[in-house]
Each structure stands twice: as structure tokens, then as C-alpha cells.
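Q:
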Amino acid sequence: AQSVAQPEDQVNVAEGNPLTVKCTYSVSGNPYLFWYVQYPNRGLQFLLKYITGDNLVKGSYGFEAEFNKSQTSFHLKKPSALVSDSALYFCAVRRFSGATNKLIFGTGTLLAVQP
Amino acid sequence: EAGVAQSPRYKIIEKRQSVAFWCNPISGHATLYWYQQILGQGPKLLIQFQNNGVVDDSQLPKDRFSAERLKGVDSTLKIQPAKLEDSAVYLCASSLAGSSGAGELFFGEGSRLTVL
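Just so you know, the sequences run in chain order R and S. Heads up: the first sequence begins at 62 in my numbering, then just goes up one per residue. Heads up: the second sequence begins at 39 in my numbering, then just goes up one per residue.
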């Protein structure tokens, strides 16, 4: 079944250090991959997506993600973490079934940035 | 541009009672989704509409959950009767039409349901 996995429940990083939030996927064909962020008591906000083209995708708030087909990964990265980046991050993949498709989310990774 | 509107933000009910959630998508967005997010888990798709037609409701517990999108704009999700395990945040999202799957979803702030 087409899905994503986020192996880390929580990632801790000091402010100013680089951060990585991991995501691996399992799909047939070319994957459509997304990252969303959720702040406390808020809905999900779109960060970035990979559909085709350059493997390095740049998104909102200085985040970027690298699509790696050989490792079936789509890790989220940021060169210098901010305390305000602390939130819940979800990786997602489009699952296609005939003429329809739906967005399947991972279990989420809590990012905690310490001052 | 106004975002996805949801109400109520919070609801507390006792088991076996009923509850309804309302969603108004972004203007012009033909596709509307209802997701259930249980604490500690990722959002799970309950139902997906394209205009006023159902595209996918394979994970909707149809014995107690129902949803409609009359006139292809706003939508209502109902639970009757509620169970303890229905305690969750119910997220509504919308996206532009199209079957390519490349478009992102825009989410409302969610409706948090607590069933006692």
C-alpha cells in the first residue's frame, strides 16, 4: 500500500543548528510528496511539495526537502532552526486509485527547538 | 483570501449524543475533505467530495457518521450516536479541482470533539 513513514516521534535541536525531520515513502510509480506543519490548536499548513523536477525543493519559512529516489526518502531540512519552528510536522503522499487520489499522512514528528 | 472556516472549534458531549460540524471551504475550491485526527496520530481521511459528489468515503464509519455537501459549497459532518473513541480533532480541507493530485490542501483550524 502507498504510504509514508516518519521514524522519529520527536526531534530535539538547539536554536541556530541545522535540523532534519525524516520521511520515507512506499509507492508504486512516481511519488507526489508533501510536508505540512501543525502548530498547537491549529490546522495543518502546507510547507512544500515534490511532484517532479529538481530533487531539492524549497518551501515556506526557509524549509527545504530533498527527494531521494534510491533511498525512497523525502527528508525535511532547515539550515538554522528557530524556536518558533517548534511544532508537529507531517509528511504525506498522494495515493492514486483509478481515477481518484487521496492524501495519506504519516504519524507526525514533534520538533522541539531549544533556545 | 479567506481561509477554510470551521465551527464549532470545541465541543464536549456525552456518549450516545449527536454532534454536527460545519465547514466552509475556500471560494472556488471544488474538492472538500474531512479528516479525523486522533491525538498522537496523523490525520485520517474520512470523506472526500468533488463538488457535491462523494469521491471517497471508504474510511467513513457509515453506521454513525454522515456527511453532505449540498450545492457543492459548504459541508456538514454528523456523528450519531457518538462513542468515546470518536474523541478527536475533525479537520476540514479544500483544494482546487483536478485529478492530477499535484495540488496542496488548505486546512481549517479544526473542531475538537471530546466524548465523555
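For every residue, glycine included, the Cβ atom is placed at its ideal position computed from N, Cα and C.
If the cut is a Cβ gap below 9 Å, which residues of chain R does S:L83 touch?
A: The answer, in chain order, is K163, L164, I165 and F166.
Q: Rounded to whole angstroms, what is the Cα-Cα separation between R:L108 and R:V98?
A: Spanning the two alpha carbons is a distance of roughly 7 Å.
Q: I want to see whether chain R comes within less than 8 Å of S:V92, judged by CB atoms only; does it?
A: No, its Cβ sits nowhere closer than 8 Å to a Cβ of chain R.
Q: Would you check if the distance between the CB atom of R:S87 and the CB atom of R:I165 is smaller than 8 Å?
A: In this structure, R:I165 does not lie closer than 8 Å to R:S87 by Cβ.
Q: Please identify the residue among R:L149, R:F157, R:R156 and R:Q106 whose C-alpha is closest to the C-alpha of S:G78.
A: Cα-wise, what sits closest to S:G78 is R:L149.
Q: List the whole-angstrom C-beta distance separating R:G104 from S:F87, where the pair is believed to meet the contact cut-off of C-beta under 8 Å.
A: In fact, because the Cβ distance is near 18 Å, the residues do not count as touching under 8 Å.
Q: Of the choices S:E147, S:V93 and S:Q74, whose alpha-carbon is the least far from that of R:G159?
A: Comparing Cα positions, the closest option is S:V93.
Q: Within the chosen definition, does the region 131 to 151 of chain R reach the region 78 to 85 of chain R through at least 3 CB pairs nearer than 8 Å?
A: At 8 Å Cβ cutoff, the stretches touch.
Q: State the Cα-Cα distance for the pair S:K82 and R:P79, rounded to the nearest angstrom.
A: Rounded to whole angstroms, S:K82 to R:P79 spans 30 Å at the Cα level.
Q: For S:E147, decide whether its Cβ has a neighbour in chain R, counting only Cβ atoms nearer than 8 Å.
A: Chain R, which has a Cβ nearer than 8 Å to the Cβ of S:E147, makes this yes.
Q: Touch check for the region 112 to 121 of chain S and the region 48 to 61 of chain S: three-plus C-beta pairs under 8 Å?
A: Counting Cβ pairs under 8 Å, three or more are found: they touch.
Q: In this structure, what does DSSP give as the bridge partners for R:I165?
A: According to DSSP, which records beta bridges pairwise, R:I165 is partnered with R:V154.
Q: Along the beta strand (DSSP E) that carries R:N73, what are the first and last residues, could you check?
A: Element bounds for R:N73: Q71 to A75.
Q: For a quick check, are the C-beta atoms of S:A126 and S:I76 less than 8 Å apart?
A: Against a cut-off of 8 Å, the Cβ pair of S:I76 and S:A126 comes out as a contact.
Q: For S:Q86 and chain R, any beta-carbon pair shorter than 8 Å?
A: For S:Q86, the answer is yes, since a Cβ of chain R falls inside 8 Å of its Cβ.
Q: According to DSSP, is R:Y93 helix, strand or coil?
A: If DSSP states are grouped into helix, strand and coil, R:Y93 belongs with coil.
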